[in-house]
Amino acid sequence: MNEKTVPATLKVGVVGVGWAGQQHVKAFSAIDGVEIVAVAGMETELLESIQSEFNIPHGFARWEDLVELDGLDAVSVAVPTFLHAPITVAALERGLHVLSEKPLARNGEEGAAMVAAARKAGRVLDVVFNHRRRGDVTKLKSIIDEGALGRPYYAKASWLRRRGIPTLGSWFTNPELAGGGPLADIGVHVLDYALHLLGEPKVISVSASTYSELGSQGRGGDVNYIAASSSHKFEVEDFASAFIRLEGGVTLLVEAGWASYRDQADLMDFRVYGTDGGAELRAAQSHEISEAGLRIFTDDDNGTSIDYEAETLEDGNHPAVVEEFVNAIRAGENEWGSHDGSVALSRALVIDACYTSAREQREVRL
Ligand SMILES: NC(=O)c1ccc[n+]([C@@H]2O[C@H](COP(=O)([O-])OP(=O)(O)OC[C@H]3O[C@@H](n4cnc5c(N)ncnc54)[C@H](O)[C@@H]3O)[C@@H](O)[C@H]2O)c1
């Protein structure tokens, strides 16, 4: 796509056919006026079955071949994290819009190069933060924004698993390929929606700890997760905790763990305390347990406690993110500048600071 015009039918390519790439294919295929013209992935049989199920004419084993295909308007990047930056930059330089999976990149430096490439190309760079599009999170956002909790001053966001290392020995456990462990993988989701819920306050400093007590012993692997596996050693953290100071004296605690001795539930938990009310959001996903809930705690005019379960909104998840990406492209070039990946970069910089803090055992200012 060389002109800054928007074609009637958007031609899209998806790189990666693992769990994430499949969500992209399903979501694009459900949007009128979007045609998936190519997919890329190294699993030949899976690639062919996706091509046949979704009627996709081109299939490639190498991402380079997909990005060079003539006639593309946009590319989705759903591959191991070390490939996010090279694919994104190559696609932007060809004038394509890019939707990248989270985390933006292995670190802030790579992420900054992606954002700079989007600005230089004048194209959209969106990053998949699907958890902020869950119905419980969007409901809580509207409750906070309408002032029902007063001024939020303290929040805690965690995503913890008992045995949830996404395949021991896969690319996820190699820092060169993944950039980090659960903090970069699932912590980035809860960090993202926590800062989004709190109204994007400036991050002042972080103080973090990381541990690698179970993964390094070959424990804590999720037998139900099927990321492409090889013989990588476990060289990332399996648990991380961060104390994050935000502007206005607000504190955010983040915990992200693939494995620790705790309840079996794969639990996402968010709590926020405000001057007029508080909220607790729980989303547990495991093979045995599934629960979700948003509870609000406040007082009536007489000071009597009112606690209630809020009805959550419809889940958006990947389809909502993909739809927003398509809508941003279709909105035309005036809209593209506000989709330059900079929110994702701000998350990457916080995560970089957490790793520095943990490594050097000190508080790091941003
Ligand atoms: N947003 C979410 O909820 C979510 C969930 C899972 C994963 N992810 C992210 O999605 C990305 C992929 O994760 P996954 O779990 O699907 O991984 P995966 O290992 O299951 O799949 C990776 C895919 O990339 C392909 N690939 C690797 N190298 C390639 C190359 N050189 N050329 C073409 N294809 C190549 C593989 O063949 C495979 O199809 C990661 O960045 C991960 O963080 C996001």
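Using the numbering used here, you'd call the opening residue of the sequence shown number -8 and step up by one each time.
Here a beta-carbon is modelled for each residue, glycine too, at the ideal position from N, C-alpha and C.
By the 10 Å Cβ neighbour count, where 16 or more other Cβ atoms means buried, how is I287 classified, buried or exposed?
buried
Please classify E92: is it buried, with 16 or more other beta-carbons within 10 angstroms of its beta-carbon, or exposed?
buried
Just to confirm, does W54 get its C-beta within under 7 Å of one of the non-hydrogen atoms of ligand 1?
yes
For L60 and G7, I'd like the C-alpha separation in whole angstroms.
16 Å
C345 to I195, Cα distance in whole Å?
Straight-line Cα distance between these residues: approximately 12 Å.
Quick check: R154 and D213, are their CB atoms within less than 8 Å of each other?
yes
Following a CB-centred definition, is G172 positioned closer than 7 Å to any heavy atom of ligand 1?
no
If you measure between the beta carbons of T164 and I156, is that distance less than 8 Å?
A contact, by the Cβ cut-off of 8 Å.
Report the start-end ranges of each alpha helix (DSSP H) in the region 229 to 258 that is 4 residues or longer and not cut off at the edges.
none
In this structure, how does DSSP classify V179 when only helix, strand and coil are distinguished?
The answer is helix: DSSP assigns V179 an H, G or I state.
Out of L151, N308, V80, which one is the CA nearest neighbour of K111?
V80
Quick one: Cα of A256 to Cα of A270, how far?
One C-alpha to the other measures close to 20 Å.
Using the three-state DSSP reduction, which class does A31 fall into: helix, strand or coil?
strand
Can you tell me whether DSSP reads R97 as helix, strand or coil?
In the three-state reduction of the DSSP assignment, R97 falls in the coil class, being assigned neither a helical nor a strand state.
Any beta-carbon of chain C closer than 8 Å to the one on S207?
The chain labelled as chain C is not found in the depicted structure, where only one protein chain is given.
Closest to L151 by CA distance: which of E246, A175, V341 is it?
Per the Cα distances, E246.
Quick one: measure Cβ to Cβ for L116 and M105, integer angstroms, because I've assumed they're closer than 8 Å.
With 8 Å as the limit, L116 and M105 qualify as a contact, their Cβ atoms being about 6 Å apart.
By the three-class DSSP mapping on this structure, what secondary structure does K224 have?
coil
Buried or exposed for D343, going by 16 or more other Cβ atoms inside 10 Å?
So D343 counts as buried.
Touching or not, the region 196 to 205 and the region 127 to 141, by the rule of three or more beta carbon pairs under 8 Å?
no
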